[in-house]
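Enquirer:
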Amino acid sequence: MRNRSEMIVRRIGSIPVWLAPAPIAGLSVLIAAPLGAQTVNLSFAAPSLDRWNYPFAGNPGGNHYAAIFAPLTEAGFDPSFDNRDGQMVIGFDTADPPQGTSVPPNLGPARYTVTSATVFLTVESNETFTYDPTPDSYRTWLAPDDPEYLPDADAGHAVELFGTGFRYGFTATTYLESAPYSPLGSFGKGIRTAYPESAHNGQCVDVSNNVDERFDPTPFAVGLNAELTPGEVVPVDTELRFDINASDPNVQRSLRRALNEGMLDFSVASIFPSQQQTPGTYPRFYTKEHLAVIVGLVSAARLEMSVEVSGEPTPDSAGDVNADGVVNIHDLLAVIASWGACQCCLADANYDGVVNVSDLLIVIQTWG
Ligand SMILES: [Ca+2]
Ligand SMILES: [Ca+2]
Ligand SMILES: [Ca+2]
Ligand SMILES: [Ca+2]
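Using our numbering, read the sequence shown as starting at 91 and increasing by one per residue.
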């Protein structure tokens, strides 16, 4: 028999609206009213998942650090591997966090609006890399005789954070620390199971080979520390904060999809040359398996995030596909321009991976 503390699932059309008058086990924050939005503040002191996403990591999920580097020496990029070879995946189970509040999944992506999100990572290596708070263009990594080459204007390289995409049928909920680097083996480009993903020309792309492909990806955030001066060598135990640009509609879209799935995965992927026969000139970050983390001296990845969870899809988020605050002819034209299968198009108003008449109707229904 149901009582007041049980969740009531009401349906409007085919969309379940979750209402609950009081908290229940495993779901500590719930939506108060169908038309209202409730703010959920998430605080993860540790990740649910962290792993070194590198083809030759012996125990990628259990490694006590993750090193971020490129297979780049004086001879250029090694053609056997991604330009961004040593990467890190960090995941936060937003539907079932180890402590604190949760965000109920499966409400539909347009119900979630991330108002702020910051990831924190702590540097495990001592004075191995130089602080650079701005990403360097792919052009700085081309051969100096290349017509597009530009010298790097500032010392060091930024630590860049992206969303995470998956191959081979994996999803954020099925990708675990024990998942294979790639079912195709260790050698090859664009084959990793989990990869850093960002929107580029209206599609979600793997940014691991952006130098080969000659484009500058848009990271969700770059690692910052207000106490460091650009050009300064970064000491061990420095915490970098990544303030995620949730006002970028592509980033917001990625976060919404992840919250709907209940698992938020980020990828750290940068280009730091890895000179052979010398100590690393690239950063390493603590994972939750590091002894210093286990005994509480330092933290592995952390996340602070605020999410507005709406009882119903808001008109703005549903039909305002170009995110300019109004639903009008420009949204309609954006839908028509993106017609067809499109996994990450902004014009996919209902987030089902295809732009079609359903999205057109959402724009029309939320006009104004
Ligand atoms: Ca781990
Ligand atoms: Ca630089
Ligand atoms: Ca609009
Ligand atoms: Ca659609």
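Note that CB positions come from ideal geometry on N, CA and C, so glycine has one too.
Fair warning: this is a prediction, and the values are worked out from it, not measured in the lab.
Given this structure, state the Cα-to-Cα distance separating Leu349 from Leu139, to the nearest angstrom.
Expert: Leu349 and Leu139: Cα-Cα distance of roughly 16 Å.
Enquirer: How many angstroms separate the CA atom of Arg392 from the CA atom of Leu330?
Expert: Their Cα atoms are separated by approximately 10 Å.
Enquirer: From Ser396 to Phe332, what distance separates their C-alpha atoms?
Expert: Their backbone Cα atoms lie some 15 Å apart in a straight line.
Enquirer: Quick one, are the C-beta atoms of Leu162 and Ser298 less than 8 Å apart?
Expert: It is not a contact, given that the beta carbons lie outside the stated cut-off.
Enquirer: For a test of the three-state rule: what should DSSP assign to Ser448, helix, strand or coil?
Expert: Reduced to three states, the DSSP call for Ser448 is helix.
Enquirer: Please report the residue range of the alpha helix (DSSP H) in which Asn350 lies.
Expert: Here the alpha helix (DSSP H) through Asn350 covers 339-351.
Enquirer: CB Ser428 to CB Gly292, shorter than 8 Å?
Expert: Yes, these two residues count as a Cβ contact at 8 Å.
Enquirer: Among the residues of its own chain, which have a CB less than 7 Å from the CB of Thr263, if the five just before and after it don't count?
Expert: Correct list, in chain order: Glu351, Gly352, Met353.
Enquirer: With the cut-off set at 8 Å, would you say Ile334 and Val193 are in Cβ contact?
Expert: Contact flag unset, no.
Enquirer: Report the start-end ranges of each alpha helix (DSSP H) in the region 361-415 that is 4 residues or longer and not cut off at the edges.
Expert: 381-384, 405-409, all fully within the region 361-415.
Enquirer: So does Gly246 have its beta carbon nearer than 7 Å to some heavy atom of ligand 2?
Expert: The answer is yes for Gly246.
Enquirer: Considering only DSSP beta bridges, list what Thr254 is partnered with.
Expert: According to DSSP, Thr254 bridges with Pro286.
Enquirer: What residue from Glu402, Arg229, Phe159 has the CA that sits closest to Phe219's CA?
Expert: When only C-alpha atoms are compared, the closest one is Phe159.
Enquirer: As a quick check of your reading: which residues have a C-beta less than 7 Å from at least one non-hydrogen atom of ligand 3, in chain order?
Expert: Checking every Cβ against the heavy atoms of ligand 3 under 7 Å gives Asp410, Val411, Asn412, Ala413, Asp414, Gly415, Val416, Val417, Asn418, His420, Asp421.
Enquirer: What is the rounded straight-line gap between the Cα of Val447 and the Cα of Gly198?
Expert: If you take the alpha carbons of Val447 and Gly198, they lie about 18 Å apart.
Enquirer: Between which two residues does the alpha helix (DSSP H) holding Leu423 run?
Expert: Looking at the DSSP string, the run of the alpha helix (DSSP H) that includes Leu423 is 419-427.
Enquirer: Helix, strand or coil for Ile454? Go by DSSP, reduced to three states.
Expert: In the structure shown, Ile454 sits in a helix (DSSP, three-state: H, G or I).
Enquirer: Say the cut is 7 Å; is the CB of Asp519 nearer than that to a heavy atom of ligand 2?
Expert: Any question about residue 519 goes unanswered here, given that the chain covers just 91 to 458.
Enquirer: Given that a residue counts as buried once 16 or more other Cβ atoms are within 10 Å of its Cβ, and exposed if not, what is Asp226?
Expert: Asp226 should be labelled buried.
Enquirer: If we ignore side chains and look at the alpha-carbon of each, how far apart do Thr387 and Phe375 end up?
Expert: A quick correction: the sequence has Leu, not Thr, at residue 387. In a straight line, the C-alpha of Leu387 is about 14 Å away from that of Phe375.
Enquirer: Quick check on Ala431: does DSSP put it in helix, strand or coil?
Expert: Three-state DSSP puts Ala431 in a strand.
Enquirer: Report yes or no: do three or more beta-carbon pairs, one from the region 164-176 and one from the region 309-320, lie closer than 8 Å?
Expert: No contact exists between the region 164-176 and the region 309-320.
Enquirer: Residues in its own chain within less than 6 Å of Tyr144 by CB, not counting five upstream and five downstream?
Expert: The residues are Gly176.
Enquirer: How about Tyr372 and Phe362: are their beta carbons less than 8 Å apart?
Expert: Closer than 8 Å, so yes.
Enquirer: Under a three-way DSSP split, which group does Ala262 fall into?
Expert: Reduced to three states, the DSSP call for Ala262 is coil.
Enquirer: Measure from the alpha carbon of Phe305 to the alpha carbon of each residue in Asn340, Tyr239, Tyr265, then state which is nearest.
Expert: Checking every option, the nearest Cα to that of Phe305 belongs to Tyr239.
Enquirer: Please report how far the alpha carbon of Val249 lies from the alpha carbon of Ala439, in whole angstroms.
Expert: If I take the Cα positions, the gap works out to 32 Å.
Enquirer: What's the gap between the Cα of Tyr202 and the Cα of Tyr441?
Expert: Rounded to whole angstroms, Tyr202 to Tyr441 spans 12 Å at the Cα level.
Enquirer: Could you name the residues of the same chain whose beta carbon sits closer than 6 Å to that of Arg346, not counting the 5 residues immediately before and after it, in chain order?
Expert: Counting only Cβ-Cβ distances below 6 Å, and skipping sequence neighbours, we find Pro199, Tyr202.
Enquirer: Our contact map puts Ser389 next to Thr212 with C-beta atoms below 8 Å; I'd like the distance itself, whole angstroms only.
Expert: Confirmed, Cβ separation roughly 6 Å.
Enquirer: Taking 7 Å as the line, does the beta carbon of Lys378 fall inside it for any heavy atom of ligand 1?
Expert: Yes, the beta carbon of Lys378 sits closer than 7 Å to at least one heavy atom of ligand 1.
Enquirer: Is the beta carbon of Val411 less than 8 Å from the beta carbon of Val425?
Expert: In this structure, Val425 lies closer than 8 Å to Val411 by Cβ.
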